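First up is the structure itself, then whatever we jot down about it.
There are 2 protein chains.
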Amino acid sequence: MMAVRKTPNATPTVAMVGGGQLARMTHQAAIALGQTLRVLAESPADPAAQVSPDVMIGSHTDLEALRRVADSATVLTFDHEHVPSELLEKLVAEGVNVAPPPHALVHAQDKLVMRRRLEALGVPVPRYAEIRSVDELDDFARRIAGPVVVKAVRGGYDGRGVRMARDPSHAREIATAFLADAVPVMAEEQVNLRRELSALVARSPFGQGAAWPVVETVQSDGICVLVIAPAPDLPDDVGAVAQRLALELAAELGVVGVLAVELFETVDGKLLVNELAMRPHNSAHWTIEGARTSQFEQHLRAVLNLPLGSPSMTAPVVVMANLLGGPDPDVYSRYEHVMANDPGIKIHFYGKDVQPGRKIGHVTALGTDLDEVRARAHHAVTCLRGPVDA
Amino acid sequence: MMAVRKTPNATPTVAMVGGGQLARMTHQAAIALGQTLRVLAESPADPAAQVSPDVMIGSHTDLEALRRVADSATVLTFDHEHVPSELLEKLVAEGVNVAPPPHALVHAQDKLVMRRRLEALGVPVPRYAEIRSVDELDDFARRIAGPVVVKAVRGGYDGRGVRMARDPSHAREIATAFLADAVPVMAEEQVNLRRELSALVARSPFGQGAAWPVVETVQSDGICVLVIAPAPDLPDDVGAVAQRLALELAAELGVVGVLAVELFETVDGKLLVNELAMRPHNSAHWTIEGARTSQFEQHLRAVLNLPLGSPSMTAPVVVMANLLGGPDPDVYSRYEHVMANDPGIKIHFYGKDVQPGRKIGHVTALGTDLDEVRARAHHAVTCLRGPVDA
Chain A
1 MMAVRKTPNA TPTVAMVGGG QLARMTHQAA IALGQTLRVL AESPADPAAQ
51 VSPDVMIGSH TDLEALRRVA DSATVLTFDH EHVPSELLEK LVAEGVNVAP
101 PPHALVHAQD KLVMRRRLEA LGVPVPRYAE IRSVDELDDF ARRIAGPVVV
151 KAVRGGYDGR GVRMARDPSH AREIATAFLA DAVPVMAEEQ VNLRRELSAL
201 VARSPFGQGA AWPVVETVQS DGICVLVIAP APDLPDDVGA VAQRLALELA
251 AELGVVGVLA VELFETVDGK LLVNELAMRP HNSAHWTIEG ARTSQFEQHL
301 RAVLNLPLGS PSMTAPVVVM ANLLGGPDPD VYSRYEHVMA NDPGIKIHFY
351 GKDVQPGRKI GHVTALGTDL DEVRARAHHA VTCLRGPVDA
Chain B
1001 MMAVRKTPNA TPTVAMVGGG QLARMTHQAA IALGQTLRVL AESPADPAAQ
1051 VSPDVMIGSH TDLEALRRVA DSATVLTFDH EHVPSELLEK LVAEGVNVAP
1101 PPHALVHAQD KLVMRRRLEA LGVPVPRYAE IRSVDELDDF ARRIAGPVVV
1151 KAVRGGYDGR GVRMARDPSH AREIATAFLA DAVPVMAEEQ VNLRRELSAL
1201 VARSPFGQGA AWPVVETVQS DGICVLVIAP APDLPDDVGA VAQRLALELA
1251 AELGVVGVLA VELFETVDGK LLVNELAMRP HNSAHWTIEG ARTSQFEQHL
1301 RAVLNLPLGS PSMTAPVVVM ANLLGGPDPD VYSRYEHVMA NDPGIKIHFY
1351 GKDVQPGRKI GHVTALGTDL DEVRARAHHA VTCLRGPVDA
């Protein structure tokens, strides 16, 4: 008889800072994997806190709360990028396994740090400048001789903190307001866009990487409304370049977990890096049904240094449409109609209060014909949102 | 401007009796749908209680506990068939929406009631008899002139309460033991089996039905170890007959929710009904990744009288293998190897204590070649189970 260890079946706990929809969907993946997701939420009404029993209420800027949620967890990871670096550095010094580590995460927190690092690595980015005064802005605007975008260096998402200037005086106005609030500012050229793409990869501490197909993200008012996987008419070699870029960036920056590289495809076919996110990302919600391994499962596998799962697609075309709240909050009463209209549509609700323009869920359609799949996704969110004229 | 209702987004609560893995996986589906699954669990350590915040601890035989969990829920449904009919009838009389209703559920609780009803409906079943004495057993055995199976009329699952008799004296022995314990007994002929099949359907109160492809279930020691979807080499017309039978039974019995019809395919190609289950069923765990709508989502949609989702398959071949505990409980330490070996395998852990022979999880493999997909699923559970010689 061979000797058999009798260790109990010890499954890990992953602590996640933030109780939003990303934590909510990560919890779904953790259930299948037999893992425990412990969430640090701001409120018991947060999307993840509604559906998970292992919730601590506290702020992501409170070191004590961060220590508590990390205590006895295998790893601490994130639903958002808003935990201050200095707190994370303290946790690391205390022996907490933070993934992604703060020296990587800072590139998803500070747009200026990110731009400088990418530039140093030779990665194509839009022309940019740090802006400490309106004079510096004028200099930059003159240098690029085109429209500029003014950005808060930290804290923006879904287009918040990112302002497209109509003209030089509008740019000056925006920068002046930011600077008056002591918000660090940068400026960038407004790129002549063909479209936006997103290259999503995961990386484990072991160094394994996995890349999902590059997708197109369709924005409206700075918010992503539609994601098309794979990006239509993207030449294979360009897709491969974007995937390789994202994998190399993940390795170079020491990312652990999911990395989203938001890309501009310019009208002349160049790829420029727009933003980085180091967590499950809206541009990959399609992977829940559309890929063999969802980004949520993959993030858990990566931060736990488990072998990564297959990122291959489960259907030729997948379209994810974000559900934004409309004036009528009674979304549930309409989902019966969406289900009746399209038995194949997958609906995801985040448990959020419905407010106009707020992301409260998403739908995913899968199939073979892009126009048909896109129309199904669009129809479903349009119906769920309800009447726009209130 | 058109008038818009300002009703809040009121999403429903489904109450489920039982906190096992079926409730656990139903909770995952409820999260996406924005619904709340409230669970009546025996213990906080139950599979569903570990992962859900809305848990009541209590017994399924305690009317007060049943009332509490049903209170303010839209509907009361089940993770198992063990709630006594008389308690359910009381709840119905008090206005609780019970799905499936007790007059349907009794056919999944009482094998003799089920056999008689099916016989009356003209549905093919094995020859059977109620056994109130050893003499009645002898009469039955003589009549069928072949091997018999002796069954407890109520309470069995996973082969419990079902005993294959080796010979007439063994049959007498089993029946005597049951009868001595005042367990109602029946006997059936041992069918000359080609294999076992399962036809899974869902039905809503509105009357909508949906049928997944008929699957083959492979048993070992009375426990299902493997499910192959679709059932290999099943002629289309036979599959259609089985699906129609299940849909008609669901309608005839007034089932609400998922109905599993376990079938014997005899060596001469006949289909006989073996068992009925009225809840998500082990033979359809493959639908989580393998069908556009999983049985868990479908059950929620059905009991809430929502339109049903598409039961179509997401891959040509799907194989689910049950993970049974082995002598070494340290399953988690082996799942790294399974993930490394097969990046496409999907692992589901139920959070149960590992005990030899106990169902503690399952894996699903998807692909196009049956032999390859089946080998992958088999390899994964074999590796996870660990050494068999302790």
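Just so you know, the sequences run in chain order A and B. Its first residue numbered 1, the first sequence is counted upward by one per residue in my numbering. Its first residue numbered 1001, the second sequence is counted upward by one per residue in my numbering. In this text, a Cβ means the ideal position worked out from N, Cα and C, and glycines have one as well. Note that the structure is predicted; figures quoted are calculated from it, not measured.
With which residues is Y1128 of chain B paired in a DSSP beta bridge? According to DSSP, which records beta bridges pairwise, Y1128 of chain B is partnered with B:E1188.
Report yes or no: do the region 1291-1303 of chain B and the region 1016-1028 of chain B share at least 3 C-beta pairs separated by less than 8 Å? The region 1291-1303 of chain B is in contact with the region 1016-1028 of chain B.
Alpha helix (DSSP H) runs contained entirely in the region 288-348 of chain A, provided each spans 4 or more residues: 295-303 and 332-341
Would you list the one or two residues that DSSP bridges to I975 of chain B? The shown model of chain B, from 1001 to 1390, leaves out residue 975 of chain B, and the question about it has no answer.
Measure the CB-CB distance between A1284 of chain B and L1200 of chain B and report whether it falls below 9 Å. Contact: yes.
For the beta strand (DSSP E) that contains V1363 of chain B, what are its first and last residues? Judged by DSSP secondary structure, V1363 of chain B falls within the beta strand (DSSP E) whose first and last residues are K1359 to G1367.
In this structure, how does DSSP classify M1114 of chain B when only helix, strand and coil are distinguished? helix
Three-way DSSP call (helix, strand, coil) for L179 of chain A in this model: In this structure, L179 of chain A counts as helix in the three-state DSSP scheme.
Between the C-alpha atoms of I1031 of chain B and I288 of chain A, what's the straight-line distance to the nearest angstrom? 13 Å
Please confirm whether A1171 of chain B and A1187 of chain B have their CB atoms less than 9 Å apart. yes
Would R1005 of chain B pass as an interface residue toward chain A - the criterion being a Cβ-Cβ separation below 9 Å? Legend: pLDDT at R1005 of chain B = 47, less than 50; position of this residue unreliable, no value from coordinates given.
Other residues of its chain near E1275 of chain B: CB distance less than 6 Å, five sequence neighbours each side excluded: E1262
Would you tell me roughly how many angstroms separate the C-alpha atoms of A1210 of chain B and P230 of chain A, rounded to the nearest one? So the alpha carbons of these two residues sit roughly 31 Å apart.
For Q355 of chain A, is the classification buried or exposed, using 16 other Cβ atoms within 10 angstroms of its Cβ as the cut-off for buried? exposed
Please state whether DSSP places S1052 of chain B in a helix, a strand or coil. coil
My guess is that L1105 of chain B and L1088 of chain B are in contact by the Cβ rule of under 8 Å, so how many angstroms apart are they, rounded? 7 Å
Between the Cα of V317 of chain A and the Cα atoms of A:P213, A:G222 and A:A340, which residue gives the shortest distance? Ranking the options by Cα distance to V317 of chain A, first place goes to A:P213.
For G254 of chain A, which of helix, strand or coil comes out of DSSP? coil
Assuming the contact rule is C-beta atoms closer than 8 Å, N305 of chain A and D1330 of chain B should be a hit. Round their C-beta distance to whole Å, please. About 18 Å separates the two Cβ atoms, so there is no contact after all.
Are the C-beta of M1056 of chain B and some C-beta of chain A separated by less than 9 Å? It does not; no Cβ of chain A falls within 9 Å.
Taking 8 Å as the cut-off, does the region 1322-1338 of chain B touch the region 1373-1386 of chain B (at least 3 CB pairs, one atom from each stretch)? Cβ pair count under 8 Å is three or more, so yes.
With a cut-off of 9 Å, does the C-beta of P1053 of chain B fall near any C-beta of chain A? So, interface residue.
Cβ-based neighbour list, K1346 of chain B, same chain, cut-off 7 Å, excluding 5 preceding and 5 following: E1289, V1363 and T1364
Top-ranked residue by Cα proximity to R127 of chain A, from A:A108, A:D371, A:L272 and A:G254: A:L272
Quick check: the region 161-175 of chain A against the region 131-145 of chain A, are at least 3 beta-carbon pairs closer than 8 Å? yes
Whether or not the region 1014-1021 of chain B and the region 1067-1087 of chain B are in contact is what I'm after, with contact meaning three or more pairs of Cβ atoms, one per stretch, closer than 8 Å; do they touch? The region 1067-1087 of chain B is in contact with the region 1014-1021 of chain B.
Does chain B have any CB closer than 9 Å to the CB of N282 of chain A? For N282 of chain A, the closest Cβ of chain B is not nearer than 9 Å.
Helix, strand or coil at F1140 of chain B [DSSP, three-state]: If DSSP states are grouped into helix, strand and coil, F1140 of chain B belongs with the helices.
I'd like to know whether the C-beta atoms of R1292 of chain B and G1309 of chain B end up nearer to each other than 9 Å. Against a cut-off of 9 Å, the Cβ pair of G1309 of chain B and R1292 of chain B comes out as a contact.
Own chain residues within Cβ distance below 6 Å of P1053 of chain B, not counting five before or after: none
Identify whether E173 of chain A lies in helix, strand or coil by the three-state DSSP scheme. Here E173 of chain A carries a helix assignment [DSSP, helix/strand/coil].
Return the chain-ordered list of same chain residues with a C-beta closer than 6 Å to the C-beta of V96 of chain A, the five sequence neighbours on each side being excluded. Taken in chain order, the residues that qualify are A70 and L76.
Bridge-paired residues (DSSP) for M1164 of chain B: B:V1149
Which of helix, strand or coil DSSP assigns to R279 of chain A: coil
So, for S1085 of chain B: in the same chain, excluding its five sequence neighbours on each side, which residues have a beta-carbon less than 6 Å away from its beta-carbon? Only P1102 and V1106 meet the Cβ criterion.
When we look at the beta-carbon of E372 of chain A and count the other beta-carbons within 10 Å, is it buried (16 or more) or exposed? exposed
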